[in-house]
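Single-structure report; data block below.
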């Protein structure tokens with residue numbers, strides 16, 4: 166396994182944590198954290214953590230499957246790929262779909278609210294069960310709300326056997342500058358869509374589909390550029406390349422923060438209604454999708470660097486955070502809803518008890534994510550992989566764990582772990 170998997174596993178945790186902070190803006194504001202300059206602006210665009218996930222997915226899957234599936238369409242290999250990806254995402258999704266339904270009834274029981282949600286129907290449940298709820302020009306979100314991105318991931322997995330053909334031909338026929346041009350061209354539809362001011366969530370008019378396709382493919386092209394600048398992807402990249410990449414690992418996230426501050430203070434970027442209700446997070450500013458190219462470039466810079474921020478992202482704690490990131494993303498919103506209902510029932514809406522409650526909310530989200538990962542996500546994934554004769558531990562996790570262990574012990578080069 167190539168060493169860059171370690172730091173990109175850490176990025177997965179940052180992406181999930183960013184989404185978590187985005188959804189927790191109301192309780193964080195209540196205890197005064199969102200009042201801190203810059204933080205509130207950065208949290209407001211936290212939904213970009215999902216876009217970071219989409220691009221990371223394209224990068225990692227290009228790395229893992231380009232050689233195996235890129236030359237031509239292979240029916241058996243494509244079937245294996247889809248089964249492995251299903252094993253990666255479906256067990257937690259299925260559990261949380263049921264839990265979300267039960268939680269809605271439990272929350273209504275505690276708060277006394279009516280069950281008048283328009284998505285609480287058998288047909289919407291079936292769409293969520295099939296992971297097609299976000300498909301279409303005007304998707305209907307409900308049940309476990311965050312699973313909308315899972316629906317988009319599943320769409321791009323179904324298309325991946327064809328996407329990888331394009332990436333294969335790009336690698337063989339385009340020079341490095343041509344890859345960079347292709348990267349820009351792929352992101353143009355995203356940037357054009359991001360300039361609209363009709364939907365702050367960017368779901369209307371095929372918005373979710375545009376986001377996942379452009380970001381996933383751009384992530385794949387980013388991998389092609391990285392592999393061109395660092396042939397073999399083993400050991401250290403060329404000193405000049407690594408020096409530039411190391412600086413970019415710092416500069417690019419700073420630009421994202423600066424961009425979030427600019428958007429938060431730009432009158433033209435403000436939606437007409439900042440809040441949907443007392444329990445809803447402030448709507449993100451318009452144009453925040455314009456920050457996505459910086460995030461995708463950041464992935465490439467991290468893959469080419471071995472110093473500074475890259476080493477921090479590869480620490481044991483953040484690698485473990487990366488392992489639980491999917492479960493954190495899938496469980497946090499349901500847990501937040503239950504926590505909020507409990508705090509209302511207890512009549513706690515401020516003061517020291519509320520602050521302790523918020524600390525418990527964050528710690529609880531991490532604990533629940535770890536439990537889900539440990540007892541549902543990993544066992545189910547291992548079982549599904551064994552059914553088709555594939556080693557139980559996926560490449561990215563085995564490689565990150567081995568690389569981290571060796572980095573902490575003797576500094577040796579990571580063992581190469583290949584998926585089968």
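Numbering (this note's numbering), first residue to last: 166 to 585. We put the CB at the ideal spot given by N, CA and C, even for glycine.
Alpha carbon to alpha carbon, what distance is there between residue 321 and residue 539? 27 Å
Excluding the 5 residues flanking residue 566 on each side, which residues of the same chain have their C-beta closer than 6 Å to its C-beta? Confidence in residue 566 is poor, its pLDDT being 49 and thus under 50, which makes the residue's placement too unreliable to answer from.
Anyone know if the C-beta pair for residue 460 and residue 188 falls short of 7 Å? In this structure, residue 188 does not lie closer than 7 Å to residue 460 by Cβ.
In chain order, what residues of the same chain lie with their CB nearer than 7 Å to the CB of residue 305, ignoring the 5 residues before and after it? 284, 289 and 298
Cβ neighbours of residue 177 in the same chain (closer than 6 Å, five flanking residues each side left out): 487 and 490
What's the gap between the Cα of residue 206 and the Cα of residue 341? 36 Å
State the DSSP-derived secondary structure class of residue 481, mapped to helix, strand or coil. helix
Please return the same chain residues whose Cβ sits closer than 7 Å to the Cβ of residue 165, not counting the five positions on each side in sequence. No information on residue 165 is available, as it lies outside the stretch 166 to 585 that the chain covers here.
Residue from 492, 554, 505 and 406 whose Cα sits closest to the Cα of residue 259: That would be 492, whose Cα lies nearest to the Cα of residue 259.
Grouping DSSP H, G and I as helix and E and B as strand, with all else coil, what is residue 362? Of the three classes helix, strand and coil, the one that applies to residue 362 here is coil, per DSSP.
Is there a C-beta anywhere in chain C that falls below 7 Å from the one on residue 283? Note that chain C does not occur in the displayed structure, where there is just one protein chain.
Indicate whether residue 384 and residue 224 have their beta-carbon atoms separated by less than 7 Å. yes
Check whether residue 227 and residue 234 have beta carbons under 7 Å apart: no
Alpha-carbon to alpha-carbon, residue 387 and residue 359: 21 Å
For the alpha helix (DSSP H) that contains residue 395, what are its first and last residues? Where residue 395 is concerned, there is no enclosing alpha helix (DSSP H), given that its DSSP letter is neither H nor E.
If you draw a straight line from the alpha carbon of residue 453 to that of residue 434, how long is it in whole angstroms? Separation of residue 453 and residue 434 (C-alpha to C-alpha, rounded to the nearest whole angstrom) is 9 Å.
CB residue 196 to CB residue 523, shorter than 7 Å? yes
Whole angstroms is fine: what's the gap from residue 375's alpha carbon to residue 421's? 21 Å
As assigned by DSSP and simplified to three states, the class of residue 560: Unreliable positioning characterises residue 560 in this predicted model, as indicated by a pLDDT of 48, which lies under 50. The coordinate reading is nonetheless provided below. DSSP, read as helix, strand or coil, puts residue 560 in helix.
Can you check which of these residues, 244, 329, 193 and 221, is closest to residue 237 by C-alpha distance? 329
Cβ separation of residue 479 and residue 190, assumed to be a contact under 8 Å, to the nearest whole Å: Your pair residue 479 and residue 190 does not check out as a contact, with CB atoms roughly 29 Å apart and the cut at 8 Å.
Could you check the C-alpha separation between residue 409 and residue 418 for me, to the nearest Å? 15 Å
Helix, strand or coil for residue 309, going by three-state DSSP, please let me know. coil
My output table needs one value for residue 236: the three-state DSSP class, helix, strand or coil. coil
I need the DSSP call for residue 189, collapsed to helix, strand or coil. coil
First through last residue of the alpha helix (DSSP H) which encompasses residue 210: From DSSP, residue 210 is part of no alpha helix (DSSP H); its letter is neither H nor E.
Integer-rounded CB distance, given that residue 380 should sit under 8 Å from residue 182: Residue 182 to residue 380, Cβ: 19 Å. No contact.
From which residue to which residue does the alpha helix (DSSP H) around residue 290 run? 287-295
Residue 406, enclosing alpha helix (DSSP H) - first and last residue: Its alpha helix (DSSP H) spans residues 404-429.
Do residue 308 and residue 293 have their beta-carbon atoms positioned less than 7 Å apart in this structure? yes
Are the segment 523-533 and the segment 498-512 touching, with three or more C-beta to C-beta distances below 8 Å? yes
Report, in whole angstroms, the separation of the C-beta atoms of residue 296 and residue 319, which I expect to be a contact under 8 Å. 4 Å
What residue from 392, 496, 462 and 506 has the CA that sits closest to residue 232's CA? 392
Do residue 448 and residue 436 count as a contact pair if the criterion is CB distance below 7 Å? Closer than 7 Å, so yes.
Helix, strand or coil at residue 339 [DSSP, three-state]: If DSSP states are grouped into helix, strand and coil, residue 339 belongs with coil.
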